[in-house]
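Peer 1: Numbering (this note's numbering), first residue to last: 1187 to 1514.
Ideal Cβ positions, reconstructed from N, Cα and C, are used throughout, including at glycine.
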Amino acid sequence: MTTTAFKEPVRQAAPGAASEPRRRPGRLRRVSLPYLLLLPALLLELLVHLVPMVIGIVMSFKELTQFYIRDWGTAPWSGLGNYRVSVDFDAPVGEALLHSFFVTVGFTVLSVGLCWLIGTAAAVFMQDTFRGRGLLRALFLVPYALPVYAAVITWVFMFQHDNGLVNHVLHDQLHLTDERSFWLIGDNSFYALLTVSVWKGWPFAFLIVMAGLQNIPRELYEAAALDGAGTWQQIRRITLPSLRPVNQVLVLVLFLWTFNDFNTPYVLFGKSAPEAADLISVHIYQASFVTWNFGTGSAMSVLLLLFLLVVTGGYLLFTSRGKRAADV
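Structure, rendered in C-alpha coordinates:
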(Lines of atoms letter the chains of each structure in order from A and count residues from 1; the text may use other names and numbers.)
(Lines give C-alpha, C1' and ligand atoms only; values in the text may rest on other atoms or scores of the structure.)
Protein backbone atom coordinates (compact mmCIF):
# COMPACT_ATOMS: atom_id res chain seq x y z
CA MET A 1 0.00 0.00 0.00
CA THR A 2 1.43 3.27 -1.14
CA THR A 3 0.92 6.42 0.85
CA THR A 4 1.28 9.78 -0.70
CA ALA A 5 2.51 12.61 1.51
CA PHE A 6 1.01 15.89 0.80
CA LYS A 7 3.38 18.80 1.43
CA GLU A 8 2.07 22.12 2.42
CA PRO A 9 2.75 24.60 -0.35
CA VAL A 10 5.48 27.08 0.38
CA ARG A 11 4.19 30.58 0.54
CA GLN A 12 6.42 33.20 -0.95
CA ALA A 13 6.33 36.47 0.83
CA ALA A 14 5.67 39.56 -1.10
CA PRO A 15 8.76 41.51 -2.04
CA GLY A 16 9.78 43.87 0.75
CA ALA A 17 7.35 42.42 3.30
CA ALA A 18 9.29 39.82 5.32
CA SER A 19 12.82 40.71 4.24
CA GLU A 20 12.57 44.38 5.18
CA PRO A 21 12.60 43.87 8.97
CA ARG A 22 15.66 41.65 8.60
CA ARG A 23 17.55 44.31 6.66
CA ARG A 24 16.92 47.14 9.06
CA PRO A 25 19.16 45.94 11.92
CA GLY A 26 22.06 45.38 9.54
CA ARG A 27 21.48 48.72 7.84
CA LEU A 28 21.35 50.51 11.18
CA ARG A 29 24.58 48.87 12.21
CA ARG A 30 26.25 49.90 8.98
CA VAL A 31 25.05 53.48 9.36
CA SER A 32 25.87 53.79 13.05
CA LEU A 33 29.22 51.97 12.95
CA PRO A 34 31.27 54.95 11.63
CA TYR A 35 29.81 57.21 14.31
CA LEU A 36 30.54 54.65 17.01
CA LEU A 37 34.13 54.41 15.81
CA LEU A 38 34.48 58.20 15.83
CA LEU A 39 32.90 58.59 19.26
CA PRO A 40 36.08 57.96 21.33
CA ALA A 41 38.03 60.46 19.24
CA LEU A 42 35.24 63.02 19.52
CA LEU A 43 35.10 62.61 23.30
CA LEU A 44 38.87 63.02 23.60
CA GLU A 45 38.72 66.07 21.33
CA LEU A 46 36.03 67.50 23.55
CA LEU A 47 38.06 66.93 26.69
CA VAL A 48 41.45 67.99 25.32
CA HIS A 49 40.51 71.00 23.20
CA LEU A 50 36.95 72.20 23.50
CA VAL A 51 36.62 72.14 27.28
CA PRO A 52 39.85 74.13 27.91
CA MET A 53 38.84 76.49 25.12
CA VAL A 54 35.50 77.23 26.79
CA ILE A 55 37.21 77.66 30.16
CA GLY A 56 39.73 80.05 28.57
CA ILE A 57 36.93 82.13 27.05
CA VAL A 58 35.23 82.35 30.44
CA MET A 59 38.53 83.35 32.07
CA SER A 60 38.97 86.18 29.56
CA PHE A 61 35.93 87.93 31.08
CA LYS A 62 37.31 87.73 34.64
CA GLU A 63 39.87 89.73 36.60
CA LEU A 64 41.88 86.59 37.19
CA THR A 65 45.21 87.37 38.83
CA GLN A 66 47.48 85.55 41.29
CA PHE A 67 45.13 86.50 44.12
CA TYR A 68 42.38 84.27 42.73
CA ILE A 69 44.51 81.45 41.35
CA ARG A 70 43.45 79.03 44.08
CA ASP A 71 39.76 79.41 43.22
CA TRP A 72 39.49 81.12 39.85
CA GLY A 73 35.70 80.83 39.89
CA THR A 74 35.51 83.50 42.59
CA ALA A 75 37.39 86.07 40.50
CA PRO A 76 35.21 89.14 39.78
CA TRP A 77 33.81 89.67 36.32
CA SER A 78 35.45 92.37 34.24
CA GLY A 79 33.30 92.14 31.13
CA LEU A 80 35.25 93.36 28.12
CA GLY A 81 37.87 95.03 30.30
CA ASN A 82 40.63 92.55 29.43
CA TYR A 83 39.90 92.97 25.72
CA ARG A 84 40.01 96.75 26.00
CA VAL A 85 43.40 96.55 27.68
CA SER A 86 44.70 94.17 25.01
CA VAL A 87 43.61 96.31 22.03
CA ASP A 88 44.52 99.67 23.55
CA PHE A 89 47.57 100.18 21.37
CA ASP A 90 48.45 103.49 23.02
CA ALA A 91 48.98 101.74 26.37
CA PRO A 92 52.03 99.59 27.15
CA VAL A 93 50.13 96.28 27.14
CA GLY A 94 48.43 96.87 23.80
CA GLU A 95 51.55 98.37 22.23
CA ALA A 96 53.62 95.33 23.21
CA LEU A 97 50.94 92.97 21.87
CA LEU A 98 50.80 94.85 18.55
CA HIS A 99 54.59 94.69 18.22
CA SER A 100 54.52 90.97 18.94
CA PHE A 101 51.79 90.52 16.34
CA PHE A 102 53.83 92.24 13.62
CA VAL A 103 56.92 90.24 14.53
CA THR A 104 54.89 87.03 14.30
CA VAL A 105 53.41 87.99 10.92
CA GLY A 106 56.82 88.75 9.45
CA PHE A 107 58.32 85.61 10.92
CA THR A 108 55.45 83.46 9.63
CA VAL A 109 55.57 84.86 6.09
CA LEU A 110 59.33 84.32 5.80
CA SER A 111 59.30 80.89 7.43
CA VAL A 112 56.38 79.52 5.40
CA GLY A 113 57.76 80.97 2.17
CA LEU A 114 61.24 79.55 2.69
CA CYS A 115 59.92 76.16 3.85
CA TRP A 116 57.74 75.89 0.76
CA LEU A 117 60.49 77.06 -1.60
CA ILE A 118 63.20 74.77 -0.24
CA GLY A 119 60.83 71.80 0.11
CA THR A 120 59.48 72.19 -3.43
CA ALA A 121 62.95 72.59 -4.94
CA ALA A 122 64.21 69.50 -3.12
CA ALA A 123 61.15 67.45 -4.11
CA VAL A 124 61.50 68.41 -7.78
CA PHE A 125 65.21 67.60 -7.67
CA MET A 126 64.47 64.20 -6.15
CA GLN A 127 62.22 63.15 -9.04
CA ASP A 128 65.21 62.25 -11.17
CA THR A 129 66.74 58.82 -10.63
CA PHE A 130 70.35 58.82 -9.46
CA ARG A 131 72.59 56.78 -7.20
CA GLY A 132 72.02 57.45 -3.52
CA ARG A 133 68.61 59.07 -3.96
CA GLY A 134 67.00 56.95 -1.23
CA LEU A 135 69.73 57.83 1.28
CA LEU A 136 69.44 61.51 0.45
CA ARG A 137 65.67 61.41 0.93
CA ALA A 138 66.14 59.86 4.35
CA LEU A 139 68.69 62.52 5.31
CA PHE A 140 66.30 65.27 4.22
CA LEU A 141 63.66 63.96 6.62
CA VAL A 142 65.96 63.86 9.65
CA PRO A 143 65.11 67.42 10.89
CA TYR A 144 61.40 66.61 10.74
CA ALA A 145 61.84 63.27 12.52
CA LEU A 146 63.90 64.64 15.41
CA PRO A 147 62.08 65.64 18.61
CA VAL A 148 61.61 69.40 18.82
CA TYR A 149 63.38 69.81 22.14
CA ALA A 150 66.43 67.78 21.12
CA ALA A 151 66.77 69.63 17.82
CA VAL A 152 66.31 73.14 19.25
CA ILE A 153 68.65 72.52 22.19
CA THR A 154 71.30 71.46 19.67
CA TRP A 155 70.80 74.77 17.88
CA VAL A 156 71.13 76.60 21.20
CA PHE A 157 74.65 75.19 21.60
CA MET A 158 75.45 76.01 17.99
CA PHE A 159 74.38 79.64 18.47
CA GLN A 160 76.55 80.16 21.57
CA HIS A 161 78.67 83.30 21.43
CA ASP A 162 82.03 81.94 22.58
CA ASN A 163 82.21 78.34 21.44
CA GLY A 164 79.24 77.97 19.09
CA LEU A 165 79.58 76.29 15.72
CA VAL A 166 77.84 79.13 13.86
CA ASN A 167 80.31 81.78 14.99
CA HIS A 168 83.18 79.37 14.45
CA VAL A 169 82.21 78.86 10.80
CA LEU A 170 81.15 82.43 9.97
CA HIS A 171 83.87 84.26 11.88
CA ASP A 172 86.83 81.91 12.31
CA GLN A 173 86.63 79.88 9.11
CA LEU A 174 84.90 82.04 6.47
CA HIS A 175 85.73 85.46 8.01
CA LEU A 176 82.33 86.84 7.03
CA THR A 177 81.90 88.81 10.25
CA ASP A 178 84.24 91.24 11.96
CA GLU A 179 83.55 89.79 15.40
CA ARG A 180 81.59 87.00 17.00
CA SER A 181 77.85 87.71 16.91
CA PHE A 182 75.26 87.29 19.64
CA TRP A 183 72.55 85.12 18.09
CA LEU A 184 70.25 84.52 21.06
CA ILE A 185 69.85 88.18 22.08
CA GLY A 186 69.33 91.41 20.19
CA ASP A 187 68.24 91.75 16.58
CA ASN A 188 70.06 88.59 15.49
CA SER A 189 67.65 86.54 17.57
CA PHE A 190 65.02 86.93 14.84
CA TYR A 191 67.33 85.37 12.24
CA ALA A 192 68.31 82.61 14.64
CA LEU A 193 64.66 81.77 15.25
CA LEU A 194 63.91 81.91 11.53
CA THR A 195 66.83 79.59 10.76
CA VAL A 196 65.70 76.98 13.26
CA SER A 197 62.08 77.21 12.10
CA VAL A 198 62.98 76.76 8.43
CA TRP A 199 65.44 73.96 9.17
CA LYS A 200 62.77 72.16 11.16
CA GLY A 201 59.82 72.81 8.82
CA TRP A 202 61.03 72.45 5.25
CA PRO A 203 61.26 68.61 5.35
CA PHE A 204 57.49 68.51 5.93
CA ALA A 205 56.95 70.60 2.80
CA PHE A 206 59.39 68.36 0.96
CA LEU A 207 57.47 65.25 2.03
CA ILE A 208 54.06 66.62 1.01
CA VAL A 209 55.21 68.02 -2.33
CA MET A 210 57.12 64.83 -3.15
CA ALA A 211 53.92 62.83 -2.53
CA GLY A 212 51.97 65.22 -4.77
CA LEU A 213 54.51 64.85 -7.57
CA GLN A 214 53.83 61.13 -7.73
CA ASN A 215 50.36 61.86 -9.16
CA ILE A 216 51.69 63.83 -12.14
CA PRO A 217 52.01 61.56 -15.21
CA ARG A 218 55.51 61.39 -16.63
CA GLU A 219 54.02 61.50 -20.11
CA LEU A 220 53.27 65.19 -19.65
CA TYR A 221 56.94 65.98 -19.14
CA GLU A 222 57.97 63.76 -22.06
CA ALA A 223 55.48 65.47 -24.37
CA ALA A 224 56.60 68.90 -23.19
CA ALA A 225 60.24 67.97 -23.78
CA LEU A 226 59.40 66.86 -27.33
CA ASP A 227 57.71 70.23 -27.89
CA GLY A 228 60.91 71.99 -26.86
CA ALA A 229 59.94 73.05 -23.32
CA GLY A 230 62.86 73.52 -20.96
CA THR A 231 63.09 72.57 -17.32
CA TRP A 232 61.77 75.89 -16.01
CA GLN A 233 58.89 75.88 -18.50
CA GLN A 234 57.96 72.36 -17.44
CA ILE A 235 57.95 73.39 -13.79
CA ARG A 236 55.92 76.51 -14.53
CA ARG A 237 53.39 74.96 -16.91
CA ILE A 238 53.06 71.42 -15.53
CA THR A 239 54.46 71.00 -12.02
CA LEU A 240 53.13 74.08 -10.24
CA PRO A 241 49.58 73.95 -11.73
CA SER A 242 49.33 70.24 -10.93
CA LEU A 243 50.50 70.87 -7.35
CA ARG A 244 47.99 73.66 -6.72
CA PRO A 245 45.59 71.57 -4.55
CA VAL A 246 48.52 70.17 -2.56
CA ASN A 247 50.10 73.58 -2.08
CA GLN A 248 46.82 75.10 -0.90
CA VAL A 249 46.62 72.65 1.99
CA LEU A 250 50.37 72.74 2.63
CA VAL A 251 50.55 76.53 2.93
CA LEU A 252 47.57 76.63 5.28
CA VAL A 253 49.00 73.94 7.56
CA LEU A 254 52.43 75.58 7.62
CA PHE A 255 50.85 78.94 8.41
CA LEU A 256 48.85 77.62 11.35
CA TRP A 257 51.77 75.64 12.74
CA THR A 258 54.24 78.51 12.41
CA PHE A 259 51.96 81.25 13.71
CA ASN A 260 51.11 79.19 16.80
CA ASP A 261 54.60 77.81 17.33
CA PHE A 262 55.53 77.94 21.01
CA ASN A 263 58.05 75.15 21.52
CA THR A 264 60.74 76.52 19.21
CA PRO A 265 61.05 80.05 20.68
CA TYR A 266 60.52 78.82 24.23
CA VAL A 267 63.32 76.25 24.05
CA LEU A 268 65.55 78.62 22.08
CA PHE A 269 65.21 81.71 24.30
CA GLY A 270 63.55 80.56 27.50
CA LYS A 271 60.65 82.25 29.28
CA SER A 272 61.48 85.76 28.07
CA ALA A 273 62.15 86.03 24.34
CA PRO A 274 64.12 88.99 22.96
CA GLU A 275 62.09 91.87 21.57
CA ALA A 276 63.13 91.09 18.00
CA ALA A 277 61.88 87.49 18.33
CA ASP A 278 58.87 88.09 20.58
CA LEU A 279 56.36 85.76 18.94
CA ILE A 280 52.77 86.13 20.02
CA SER A 281 52.59 82.64 21.53
CA VAL A 282 55.47 83.39 23.91
CA HIS A 283 54.08 86.87 24.52
CA ILE A 284 50.75 85.43 25.67
CA TYR A 285 52.61 82.97 27.88
CA GLN A 286 54.52 85.83 29.49
CA ALA A 287 51.32 87.84 29.98
CA SER A 288 49.71 84.87 31.70
CA PHE A 289 52.40 83.02 33.65
CA VAL A 290 55.07 85.68 34.21
CA THR A 291 52.93 88.69 35.12
CA TRP A 292 50.24 86.41 36.62
CA ASN A 293 47.44 88.17 34.75
CA PHE A 294 45.53 85.20 33.42
CA GLY A 295 42.48 87.24 32.45
CA THR A 296 44.45 89.44 30.06
CA GLY A 297 46.37 86.44 28.73
CA SER A 298 43.12 84.60 28.06
CA ALA A 299 41.73 87.62 26.23
CA MET A 300 44.84 87.71 24.05
CA SER A 301 44.41 84.01 23.31
CA VAL A 302 40.79 84.52 22.27
CA LEU A 303 41.82 87.40 20.00
CA LEU A 304 44.48 85.18 18.45
CA LEU A 305 41.92 82.43 17.90
CA LEU A 306 39.53 84.86 16.20
CA PHE A 307 42.33 86.16 13.97
CA LEU A 308 43.32 82.65 12.88
CA LEU A 309 39.67 81.75 12.19
CA VAL A 310 39.21 84.83 10.04
CA VAL A 311 42.44 84.26 8.12
CA THR A 312 41.69 80.56 7.61
CA GLY A 313 38.14 81.27 6.44
CA GLY A 314 39.31 83.99 4.07
CA TYR A 315 42.07 81.77 2.70
CA LEU A 316 39.70 78.87 2.07
CA LEU A 317 37.18 81.19 0.43
CA PHE A 318 39.85 82.72 -1.78
CA THR A 319 41.31 79.38 -2.84
CA SER A 320 37.86 77.88 -3.54
CA ARG A 321 36.98 80.85 -5.77
CA GLY A 322 40.30 80.51 -7.57
CA LYS A 323 39.64 76.81 -8.13
CA ARG A 324 36.17 77.48 -9.57
CA ALA A 325 37.59 80.18 -11.84
CA ALA A 326 40.31 77.80 -13.06
CA ASP A 327 37.74 75.08 -13.76
CA VAL A 328 35.61 77.47 -15.80
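I need the boundaries of the alpha helix (DSSP H) containing residue 1304, first residue and last residue.
Peer 2: Start and end: 1278-1311.
Peer 1: Report the residue from 1416, 1283 and 1326 whose alpha carbon sits nearest the alpha carbon of residue 1391.
Peer 2: Nearest of 1416, 1283 and 1326 to residue 1391, Cα basis: 1326.
Peer 1: Just to confirm, are residue 1425 and residue 1394 a CB contact at a threshold of 8 Å?
Peer 2: Going by C-beta atoms, residue 1425 is not nearer than 8 Å to residue 1394.
Peer 1: I'd like the ranges of any alpha helix (DSSP H) spanning at least 4 consecutive residues and lying wholly in the segment 1319-1361.
Peer 2: Listed in chain order, the complete alpha helix (DSSP H) runs (minimum 4 residues) inside the segment 1319-1361 are 1319-1326, 1328-1331 and 1334-1344.
Peer 1: Taking residue 1261 and residue 1269 to be in contact with their CB atoms under 8 Å, please state how far apart those CB atoms are, rounded to whole angstroms.
Peer 2: Incorrect: roughly 16 Å between the Cβ atoms, too far for contact.
Peer 1: With DSSP run on the structure shown, which of helix, strand or coil describes residue 1263?
Peer 2: Reduced to three states, the DSSP call for residue 1263 is strand.
Peer 1: For residue 1389, collect the residues of the same chain with a Cβ closer than 6 Å to its Cβ; drop the 5 residues on either side in sequence, then sort them by chain order.
Peer 2: Answer for residue 1389: 1326, 1327, 1329 and 1330, listed in chain order.
Peer 1: Would you mind stating whether residue 1274 and residue 1280 have Cβ atoms separated by less than 8 Å?
Peer 2: Against a cut-off of 8 Å, the Cβ pair of residue 1280 and residue 1274 comes out as a contact.
Peer 1: Please state if the CB of residue 1469 and the CB of residue 1246 are separated by a distance shorter than 8 Å.
Peer 2: Going by C-beta atoms, residue 1246 is not nearer than 8 Å to residue 1469.
Peer 1: What span of residues does the alpha helix (DSSP H) with residue 1387 cover, start to end?
Peer 2: Residues 1374-1399.
Peer 1: Once the 5 residues before and after residue 1407 are set aside, which same chain residues still bring their CB inside 6 Å of it?
Peer 2: Cβ within range, chain order: 1420.
Peer 1: Please state the DSSP three-state secondary structure of residue 1315.
Peer 2: Reduced to three states, the DSSP call for residue 1315 is coil.
Peer 1: When the Cα of residue 1428 is compared with those of 1396, 1376 and 1321, which residue comes out closest?
Peer 2: Of the listed residues, the one whose Cα sits closest to residue 1428 is 1396.
Peer 1: Check whether the Cβ of residue 1382 sits closer than 7 Å to any heavy atom of the ligand NAD, and report yes or no.
Peer 2: Ligands are entirely absent from the displayed structure, and the ligand NAD is therefore not among its contents.
Peer 1: Name the DSSP bridge partner or partners of residue 1479?
Peer 2: In the DSSP output, where bridge partners are listed per residue, residue 1479 has 1251.
Peer 1: For a test of the three-state rule: what should DSSP assign to residue 1446, helix, strand or coil?
Peer 2: Residue 1446 falls in the coil class under three-state DSSP.
Peer 1: Output yes or no for whether 8 Å exceeds the beta carbon distance between residue 1415 and residue 1404.
Peer 2: It is not a contact, given that the beta carbons lie outside the stated cut-off.
Peer 1: Would you kindly work out how many angstroms separate the C-alpha atoms of residue 1344 and residue 1352, rounded to a whole number?
Peer 2: When rounded, the distance between both Cα atoms is 6 Å.
Peer 1: Alpha carbon to alpha carbon, what distance is there between residue 1369 and residue 1297?
Peer 2: Using only the alpha carbons, I get a separation of about 18 Å.
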